[in-house]
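> Heads up: the protein sequence lines correspond to chains A and B, in order.
Note that our numbering has the first sequence beginning at 1, numbered continuously upward.
Note that our numbering has the second sequence beginning at 166, numbered continuously upward.
The beta-carbon is built from N, C-alpha and C at its ideal position, and this holds for glycine as well.
Every value quoted in this text rests on a predicted model; they were computed, and no experiment measured them.
Below are the C-alpha cells for one structure; questions will follow.
Number of protein chains: 2
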Amino acid sequence: MKIGKGVEWAAHACAILALLPQDAALSRDALAEYLGVPAPYLAKQLQALSRANLVITQRGVTGGYRLARDAGSISLWDITAALEGTQPSFRCTEIRRNGPCGASPGECRRPCDIAAAFQHAEMAFRDALSAVPLTDIMYKATAVAFEDRKGRIRDWIEQNATGMR
Amino acid sequence: MKIGKGVEWAAHACAILALLPQDAALSRDALAEYLGVPAPYLAKQLQALSRANLVITQRGVTGGYRLARDAGSISLWDITAALEGTQPSFRCTEIRRNGPCGASPGECRRPCDIAAAFQHAEMAFRDALSAVPLTDIMYKATAVAFEDRKGRIRDWIEQNATGMR
DNA sequence: TAATTATGGATATAATATATCCGAATTAAA
DNA sequence: TTTAATTCGGATATATTATATCCATAATTA
Numbered sequence: 001m002k003i004g005k006g007v008e009w010a011a012h013a014c015a016i017l018a019l020l021p022q023d024a025a026l027s028r029d030a031l032a033e034y035l036g037v038p039a040p041y042l043a044k045q046l047q048a049l050s051r052a053n054l055v056i057t058q059r060g061v062t063g064g065y066r067l068a069r070d071a072g073s074i075s076l077w078d079i080t081a082a083l084e085g086t087q088p089s090f091r092c093t094e095i096r097r098n099g100p101c102g103a104s105p106g107e108c109r110r111p112c113d114i115a116a117a118f119q120h121a122e123m124a125f126r127d128a129l130s131a132v133p134l135t136d137i138m139y140k141a142t143a144v145a146f147e148d149r150k151g152r153i154r155d156w157i158e159q160n161a162t163g164m165r
Numbered sequence: 166m167k168i169g170k171g172v173e174w175a176a177h178a179c180a181i182l183a184l185l186p187q188d189a190a191l192s193r194d195a196l197a198e199y200l201g202v203p204a205p206y207l208a209k210q211l212q213a214l215s216r217a218n219l220v221i222t223q224r225g226v227t228g229g230y231r232l233a234r235d236a237g238s239i240s241l242w243d244i245t246a247a248l249e250g251t252q253p254s255f256r257c258t259e260i261r262r263n264g265p266c267g268a269s270p271g272e273c274r275r276p277c278d279i280a281a282a283f284q285h286a287e288m289a290f291r292d293a294l295s296a297v298p299l300t301d302i303m304y305k306a307t308a309v310a311f312e313d314r315k316g317r318i319r320d321w322i323e324q325n326a327t328g329m330r
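Laid out in C-alpha cells, this is it:
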C-alpha cells in the first residue's frame with residue numbers, strides 16, 4: 001500500500017498555484033525551481049493535473065499553469081485521484097470460487113465480503129481526503145510561516161509569474 | 166495506491182482457519198488446494214501471518230497452520246498490517262524546505278500539513294478495517310452459502326485437517 | 001517570423017511485486 | 001532411533017510498476 005511521490009509533488013505545486021493572483025501563471029521550470037524538484041518529471045505530474053482539469057495550461061511565451069477553479073473546490077482527493085487513478089487499491093480475484101469447495105455463481109451475486117470491507121475502508125480514506133480543500137493547506141501553511149518568508153514568497157511570485165497585469 | 170494480492174490470499178486463508186475445530190490445523194498444501202492458489206507463494210503469506218503472531222505454526226508430520234487466537238479478535242487490519250507493514254502509504258519528502266523560498270527548521274516543528282492530512286486519511290482507512298473481525302467474514306459467507314456447499318466444506322475439513330481428535 | 005512553452009511519445013533505469021525453489025530445522029509416528 | 005512430513009528462512013528469478021529523462025511537435029505571443 002503505497003502512494004507515488006507524484007502526489008506529493010502535485011499537491012505542493014497546487015498549493016503554490018493557489019497563491020497566484022487572478023490570471024497569473026507559473027511555467028514548468030519556475031514551479032520546478034520553487035519546489036526544488038527535477039523539471040522533466042514534474043512536467044509529467046502537471047500533465048496529469050491538466051488531464052483531470054484541475055489546472056489550466058497555456059502554451060506560448062507567457063504560458064504556464066494556473067488552477068482551473070477556486071482553491072476551495074479542489075481537494076487533496078482530487079489531486080490524488082488525478083495522479084493515482086480511481087481504481088480500488090484492493091483487487092479482488094474472486095478466490096472464493098476456487099478450489100474443491102468453490103462458491104457457485106449463484107452464491108456470488110453479492111460482492112465478496114472481504115472485498116466489500118476493503119471498498120468500505122477506501123471510501124473512508126477518500127472521504128477524509130475529500131474533506132481537505134487546498135484552502136486548508138494554504139491557511140495552515142501561512143499560519144506558521146515567518147513574516148520574512150511570506151515576503152520572500154510574495155517577491156518570488158512577483159518575479160516569476162507570467163500574465164500578471 | 167495499491168494493496169498486494171498477498172493480503173487477499175491471507176484473508177481467505179484466515180477465513181478457512183477460523184472454521185477449524187479446536188486444535189485442528191491445515192497444512193500449507195491443503196490450504197493452497199482449498200484456495201486454488203500456488204502453494205510456494207502462499208507459504209510466503211503464511212509466514213508473514215506467523216511472524217505477526219496471527220497464526221500458530223507447527224512443524225512435523227501432523228503440523229500445519231491454525232489461528233493463534235479467537236477469530237473475533239483478528240481484524241482485517243491485523244492481516245493487512247501483517248502483509249503490508251504499517252509504514253504510512255504517503256511518504257513526505259519535506260518538499261516545503263526546498264527551493265528559494267524553503268521553510269526554515271523553525272517553521273517545520275509541526276509535520277507538513279499535506280502529510281498530516283494523508284496520515285489522517287490513513288487512520289480512517291485503518292479504523293474501518295479494524296472494525297471488521299474474522300467472525301464478520303465467516304458469518305456473512307455462511308449466510309449466502311447453499312446447504313450442499315456447507316456440507317462439502319465440512320467434509321473437506323474433516324478429510325484434510327490434521328490434529329483432529 | 002522568432003522565441004517560448006506545454007504536450008505526448010519513446011525510452012531508460014530503479015524499485016517493487018510476484019513467484020519459485022531448496023536446504024535446514026522441527027516434529028510425530030513407525 | 002529412524003523415517004517421513006512439515007514449516008522456515010534465504011536465495012533467486014521474473015514480471016510489473018515507479019521513477020526519471022529526453023525529444024519532436026504543436027501552440028502561443030511578442
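How about the segment 141–156 of chain A and the segment 261–269 of chain B: do they share at least three Cβ pairs that are nearer than 8 Å?
The segment 141–156 of chain A is in contact with the segment 261–269 of chain B.
> Which residue or residues does DSSP assign as beta-bridge partners of V55 of chain A?
On the first sequence, residue 55 of chain A is found 55 positions in, with the first residue counted as 1. V55 of chain A is bridged to A:L67.
> Around the C-beta of Q87 of chain A, are 16 or more other C-beta atoms found within 10 angstroms, so that it is buried, or is it exposed?
Position 87 of the first sequence holds residue 87 of chain A. The residue is exposed, with fewer than 16 neighbouring Cβ atoms inside 10 Å.
> Take L219 of chain B as the anchor and find which of B:P270, B:S238, B:A280 and B:A296 has the nearest alpha-carbon.
Within the second sequence, residue 219 of chain B is the residue found at index 54, counting from 1. It is B:S238 whose Cα lies nearest to the Cα of L219 of chain B.
> Does the beta-carbon of V61 of chain A have 16 or more other beta-carbons within 10 angstroms, so that it is buried, or is it exposed?
Looking up residue 61 of chain A in the first sequence gives position 61. Exposed, since its Cβ has fewer than 16 Cβ neighbours within 10 Å.
> Can we say the segment 173–185 of chain B touches the segment 195–204 of chain B, given the rule of at least three CB pairs closer than 8 Å?
The segment 173–185 of chain B, when compared against the segment 195–204 of chain B, does touch it at the 8 Å Cβ threshold.
> Mind checking the segment 193–217 of chain B against chain A and listing, in chain order, the residues whose C-beta falls within less than 8 Å of any C-beta there?
Those residues of the segment 193–217 of chain B that come within reach of chain A (Cβ to Cβ, closer than 8 Å) are E198, Y199, L200, G201 and V202.
> Taking the Cβ atom as the reference point for each residue, do G169 of chain B and E287 of chain B lie within a distance shorter than 8 Å?
Here the question's residue 169 of chain B lines up with position 4 in the second sequence. Here the question's residue 287 of chain B lines up with position 122 in the second sequence. No; because the gap between Cβ atoms is not below 8 Å, this pair is not in contact.
> Let me know the secondary structure DSSP gives E312 of chain B once reduced to three states.
Numbered from 1 along the second sequence, position 147 holds the residue referred to as residue 312 of chain B. Here E312 of chain B sits in helix by DSSP.
> Run the proximity test for I56 of chain A: is its beta-carbon closer than 7 Å to any non-hydrogen atom belonging to the ligand GDP?
Looking at this structure, you won't find the ligand GDP or any other ligand, since it has none at all.
> What would DSSP say about L26 of chain A, mapped onto helix, strand or coil?
The residue labelled residue 26 of chain A in the question sits at position 26 within the first sequence. Residue state, collapsed to three classes: strand.
> The alpha helix (DSSP H) spanning E94 of chain A covers which residue range?
Within the first sequence, residue 94 of chain A is the residue found at index 94, counting from 1. No alpha helix (DSSP H) contains E94 of chain A, which DSSP labels as neither H nor E.
> Starting from the Cα of F90 of chain A, find the closest Cα among A:A71, A:H120, A:G64 and A:E107 and give me that residue.
What you label residue 90 of chain A is simply residue 90 of the first sequence in a count that begins at 1. Looking at the Cα atoms, A:H120 is the closest of the given residues.
> In three-state terms, what does DSSP make of G72 of chain A?
For the purposes of this step, residue 72 of chain A is taken as the residue at position 72 of the first sequence. In this structure, G72 of chain A counts as helix in the three-state DSSP scheme.
> If we define contact as Cβ-Cβ less than 8 Å, is L26 of chain A a contact residue for chain B?
By one-based count along the first sequence, residue 26 of chain A stands at place 26. No, L26 of chain A does not count as interfacial toward chain B.
> By how many angstroms is the C-alpha of R275 of chain B removed from the C-alpha of R154 of chain A?
On the first sequence, position 154 is the one that residue 154 of chain A refers to. On the second sequence, position 110 is the one that residue 275 of chain B refers to. Taking the straight line from one Cα to the other gives about 23 Å.
> Could you give the DSSP three-state label for P133 of chain A: helix, strand or coil?
What you label residue 133 of chain A is simply residue 133 of the first sequence in a count that begins at 1. The answer is strand: DSSP assigns P133 of chain A an E or B state.
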